[in-house]
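Taking it in order: structure first as structure tokens, then the write-up.
In my numbering, the protein residues as written are 1 to 201.
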């Protein structure tokens, strides 16, 4: 059963890789002294040509024309498991630093006008020491940081042997096992495990 799931997931990823192109779509190379925004766009979005408007829109996750604190924290990768050990005071500090740089009217959000003024003044988002800003879900992060680097549409099941591949498909297996367990429970008229012991016979 797990081999069938692995094959299905590999086929789906191969389709995703085809939809996104071949290895030419890997992260563009950037200079070692590139600013954080340039590195972020190259590493996280595989883009080497972009403008301030597209950067803003791409990171306005809810599409309301404002950057909220949670969106800025997400852009800096604070919602990613790679930063799961980051203490809340440090997360709050990142938000404070970004608001101090960007939020000219001190309303707790960053408007497109505030962003444009920041960029027009020749400024750029700083490296705050939280990494490149992983902000996609697990599927996206696996695809952009591993699949596109080591695999392509010609990858066979037996080629998926990297530790990242094994861990990725293990998570898929665990999620499917959990879905099957819940489905079995939903089919039961009474789930004894949900009855407190004092009411059981």
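Each residue gets a CB set at the ideal place from its N, CA and C atoms; glycine is no exception. From a predicted model like this one, the values you see are computed outputs, not experimental measurements.
When Cβ pairs closer than 8 Å are counted between the two stretches, the segment 165-172 is seen not to touch the segment 112-124, the count staying below three.
Residue 111 sits in a strand when the DSSP states are folded into three classes.
It is roughly 28 Å from the alpha-carbon of residue 61 to the alpha-carbon of residue 165. Note on residue 106: under 16 other CB atoms within 10 angstroms of its CB, so exposed under the neighbour-count rule. With distances taken between CA atoms, residue 89 lies nearest to 73 out of 192, 102, 73. Per DSSP, reduced to three states, the secondary structure at residue 58 is helical.
Judged by their CB atoms, residue 131 and residue 82 are nearer to each other than the 8 Å cut-off. The Cβ atoms of residue 55 and residue 37 lie closer than 8 Å to each other. Burial check for residue 94: the Cβ neighbour count within 10 Å reaches 16 or more, so the residue is buried. In the displayed model, residue 36 falls within a helix according to three-state DSSP. Contact annotation: residue 78 and residue 109 have beta-carbon atoms that are not nearer than 8 Å. Counting other Cβ atoms within 10 Å of its Cβ, residue 42 reaches 16 or more and is therefore classed as buried.
In this structure, the CA atom of residue 68 is about 13 Å from the CA atom of residue 100. When DSSP assignments are scanned along the segment 149-194, no uninterrupted stretch of beta strand (DSSP E) that is 3 or more residues long falls wholly within it. Contact between residue 98 and residue 114 fails: their C-beta atoms lie close to 11 Å from each other, not under 8 Å.
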